[in-house]
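In this note's numbering, the protein residues as written are -9 to 186. Glycine residues also receive a C-beta, built at the ideal position from the N, C-alpha and C atoms. I have placed the structure first, in the form of structure tokens, so that the comments after it can refer back to it.
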Amino acid sequence: MTWITTATVLQQLRDFENHDAWESFAERFRRPVVSFAKSMGLKQADAEDAAQETLLAFAEAYRRGQYDPAKGRLSRFLFGIAYRQSLKARRVAGAGVLAGANAESGVLSQVPDEQTATGIWDTEWERTLLDRCLSQVQLEFEPQTYQAFDLVVRNEQSADDVAKQLGVPIKSVYNAKHRILKRIRELRADFDTNVG
-9 MTWITTATVL QQLRDFENHD AWESFAERFR RPVVSFAKSM GLKQADAEDA AQETLLAFAE
51 AYRRGQYDPA KGRLSRFLFG IAYRQSLKAR RVAGAGVLAG ANAESGVLSQ VPDEQTATGI
111 WDTEWERTLL DRCLSQVQLE FEPQTYQAFD LVVRNEQSAD DVAKQLGVPI KSVYNAKHRI
171 LKRIRELRAD FDTNVG
């Protein structure tokens, strides 16, 4: 997987005929929107529909110049659209059974307020961002380097234990951790940067 910057994805999205740009955009941003919509009480199919509507609405707004990076982050702009689309999908579902619904009424007893929804969105956004960054660094670094990082950072093993386990000097373990964390910070900054 080649890392394509968010700025590049958005620049390509301006071209209505560029179907690859749409695929790139949708692949990058669909997951947090679907997860968020599900957390708003939508069933999988309805969450997928809400995500599609969200991404289409963003693309149209972006092409009309309505997204202004000077006024806020891309994730905030997408959140606003995703929140409205999820609420709309809930209204359309009406008395239909929603995921996590009350057994008697068939609907969630309470729609998350905007502040709660913002927290849910932030969690989904960060999870997606971290997963994408980890997938990318796994491709960019040697398997043993990534394994050292993974064991120390994600599995919380001591650097000494990891060095012994992998048969490498402890300095190599620290270097792996430092280099990969640095790269993750770079990728993360690109993914959720103010772009225009």
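From Val23 to Ala138, what does the alpha carbon distance come to, in whole angstroms? 32 Å
DSSP on Gln34, reduced to helix/strand/coil? helix
Whole angstroms is fine: what's the gap from Ala41's alpha carbon to Leu129's? 28 Å
By DSSP, does Pro159 sit in helix, in strand, or in coil? coil
Restricting to Cα atoms, I'd like to know which of Tyr164, Leu32, Gln155 is closest to Val82. Leu32
For Trp12, which residues of its own chain have a beta-carbon under 8 Å away from its beta-carbon, when the five flanking residues on both sides are left out? Leu3, Ala49
Cβ-Cβ distance between Asp150 and Thr(-5) below 8 Å: no
Taking the straight line between their C-alpha atoms, what separation do you get for Pro102 and Gln1? 34 Å
Hey, Ala27 and Ala72 are a contact pair by Cβ (cut 8 Å); roughly how many whole angstroms apart? 7 Å
So the alpha helix (DSSP H) Asn106 belongs to, where does it begin and stop? In the sequence under discussion, the amino acid at residue 106 is Thr, which differs from the Asn named in the question. Taken as a continuous stretch (DSSP letters only), the alpha helix (DSSP H) holding Thr106 covers 104 to 130.
On the three-state DSSP scale, how would you describe Glu146? coil
My assumption, with CB atoms under 8 Å, is that Leu156 sits in contact with Gln147. Please give the rounded CB distance. 11 Å between Cβ atoms; not a contact.
State yes or no: is the C-beta of Phe19 within less than 8 Å of the C-beta of Leu77? no
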